[in-house]
Amino acid sequence: MARILMTRALDDSGHIVDVKDVVSGKACNCTCIGCQGAVWAMKGPIKAHYFAHEPNSIEQNSCTWKPETEIHILAKEVLATDRQLLLPIGTINPIHKNIAFDEMVCEVYEGRVIPDVIGFIEGEKVLIEIAVTHFCGRGKIKELKKVNATCVELDLSGFRVKGETISKEDIRGYLKRCPKKWLSVSPVGNFSEMMHTHNRRELIVLQSEYSSLSKKHQSDINRLSEEYNAVKTTYQSELSNLQRVIEQARHSENNASSILKKWDEIIRDKNISISKAEESIIILQDRYRTLEAEFKSRLYHIQDEIDRKQDLLDELIKLDELKLEFHTQVDDITRTIKSKEARLDAGEVEVRRRSASLDLIQKNLNDSFTSLQERESALTERSKDLASIVEIKSREQAKVMFEQLLKERSKDIKNLEEKKNKVIRDIDDLRRKYGSFIKIP
Ligand SMILES: [Zn+2]
4 MARILMTRAL DDSGHIVDVK DVVSGKACNC TCIGCQGAVW AMKGPIKAHY
54 FAHEPNSIEQ NSCTWKPETE IHILAKEVLA TDRQLLLPIG TINPIHKNIA
104 FDEMVCEVYE GRVIPDVIGF IEGEKVLIEI AVTHFCGRGK IKELKKVNAT
154 CVELDLSGFR VKGETISKED IRGYLKRCPK KWLSVSPVGN FSEMMHTHNR
204 RELIVLQSEY SSLSKKHQSD INRLSEEYNA VKTTYQSELS NLQRVIEQAR
254 HSENNASSIL KKWDEIIRDK NISISKAEES IIILQDRYRT LEAEFKSRLY
304 HIQDEIDRKQ DLLDELIKLD ELKLEFHTQV DDITRTIKSK EARLDAGEVE
354 VRRRSASLDL IQKNLNDSFT SLQERESALT ERSKDLASIV EIKSREQAKV
404 MFEQLLKERS KDIKNLEEKK NKVIRDIDDL RRKYGSFIKI P
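Dropping the structure here:
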């Protein structure tokens, strides 16, 4: 609830006063209804008029004033001035009737209770309780009944304040439609008679309604009972059918569960077989992989072998060619050897011939040497003979001539010896070259 302003306070003689009926400010001489602390009448030109606690008053700290306090006061004021109220007549299916009271009195003792308002109608009292937060308890109701009081409780707990101050007009409107409850109704008096007459009339209506309803109800009961019996019979036969069906169903269920159990066992066995098969498959896969690797390596080896064989085959083909070439060469060599042999044979003949010629030359040389020695000795003899005769010069001339001749002969011998050595060397070369092929003497 928004902040609600206080518009009622107590004047210096303790009566409730409206802010509009007092002078402005502190001079109003008013006190708070909730805490009895001093209040000032705030009557400015703009805002709605209201009472405010005197600034810094100690009492306001323990103030019990609430908007409900003012709602309660204003409702009493409305009732006192209007002297009329829309009230429910009767307690059974009540009708609402605007009751005009002769007099309205606020807060006077009535036996042991103090009602909020007492309304008088043709001398008869109607106690009016205004409940905003506090409703009449069982004790108070009991007390009211004890003194045969007629008392109505007006429920204002649902009233909602619009704006900063509580409008008396809103209270007046709400009093017409607020919930109202009779707490106690006196058994005698005009007002009470009006209430009771209504109740009696309502009761008679209700009774006739009840009896007609009861009759209808009885026929309904009979009909329903017949229907019930028919339904019961059908139900019982259906029940026995159902029981039979249930029995069959149970039997089927047992069969089904035994079949299911068997199925479960079969499934379990199958699962075991499947897992075994899976294991075997894994082992086989491993073995297959190993074999595959082995085969591959073997295949590589075989391929290598084939390559090697192919190389060998190629080499063999080459060897055949080489063999052919070799045979050709051998034939050539044989031919060459034969021709060389023929040449050697001719050479040998030549050597023999030359050797014989050399022997002859040697013999001639020996003979010449002997002859020369003889001539030398003869010349020596002659020189000895001539020595005395021929001058030293002639002797020297003879000696030069001799030496020249000797030189010429020695040269011839030397040439022949060189020829001989050359032939011997040729023979040795031939022996070295062809000694392994043919026999050379
Ligand atoms: Zn106060």
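Quick note on my numbering: the sequence shown kicks off at 4 and runs consecutively. All residues carry an ideal CB built from backbone N, CA and C; glycine is no exception. Keep in mind it's a predicted model, so treat the numbers as computed, not measured.
- Query: Can you pull the DSSP bridge partners for valine 20?
  - Reply: Looking at the DSSP assignment, valine 20 forms a beta bridge with Ala12.
- Query: In three-state terms, what does DSSP make of alanine 401?
  - Reply: Here alanine 401 carries a helix assignment [DSSP, helix/strand/coil].
- Message: Between which residues of its own chain and leucine 82 is the CB-CB distance below 6 Å, once the five residues before and five after are set aside?
- Response: Hits under 6 Å: Met107, Val120.
- Quick one: is the Cβ of tryptophan 43 within less than 8 Å of any heavy atom of ligand 1? Every heavy atom of ligand 1 is 8 Å or more from the Cβ of tryptophan 43, so no.
- Under a three-way DSSP split, which group does tryptophan 68 fall into? The answer is coil: DSSP assigns tryptophan 68 none of H, G, I, E or B.
- Query: Which residue spans inside the stretch 110-198 form an unbroken beta strand (DSSP E) run of at least 3?
  - Reply: If you keep only unbroken beta strand (DSSP E) runs of at least 3 residues inside the stretch 110-198, you get 120-124, 127-134, 154-158, 183-187.
- Can the beta-carbon of glycine 37 be found closer than 9 Å to that of tryptophan 68? Yes. Within cutoff.
- Could you tell me whether any non-hydrogen atom of ligand 1 is closer than 8 Å to the CB of glycine 17? No.
- Query: Near serine 255, what residues of its chain come up, given a Cβ to Cβ distance below 6 Å and the 5 sequence neighbours on each side ignored?
  - Reply: Take serine 255, set aside five residues on each side of it, and no residue of its chain has a beta-carbon closer than 6 Å to its own.
- Task: Given a cut-off of 9 Å, decide if isoleucine 74 and lysine 159 are closer than it, judged by their beta-carbon atoms.
- Result: For clarity, residue 159 is leucine in the given sequence; the question names lysine instead. For leucine 159 and isoleucine 74, yes; Cβs fall inside 9 Å.
- Message: Just to confirm my understanding: we take aspartate 362, look at its own chain, exclude 5 residues before and 5 after, and list those with CB closer than 6 Å. What are they?
- Response: Excluding five sequence positions before and after aspartate 362, none of the CB atoms of its chain fall closer than 6 Å to its own CB.
- What residue range is occupied by the uninterrupted beta strand (DSSP E) comprising proline 91? Its beta strand (DSSP E) spans residues 87-92.
- Whole-angstrom distance between glutamine 251 and asparagine 274, CA atom to CA atom: Taking the straight line joining both Cα atoms gives about 33 Å.
- Query: Is lysine 29 helix, strand or coil when you go by DSSP?
  - Reply: The answer is strand: DSSP assigns lysine 29 an E or B state.
- arginine 102, DSSP secondary structure in three states: The amino acid occupying residue 102 in the given sequence is isoleucine; arginine does not appear at that position. It is a strand residue.
- Query: Is the CB-CB distance between alanine 41 and serine 60 below 9 Å?
  - Reply: If you check the CB distance, alanine 41 and serine 60 come in under 9 Å.
- Quick one, which of Asp21, Phe123, Arg141, Gly166 has its alpha-carbon nearest lysine 50's? Of the candidates Asp21, Phe123, Arg141, Gly166, Gly166 places its Cα closest to the Cα of lysine 50.
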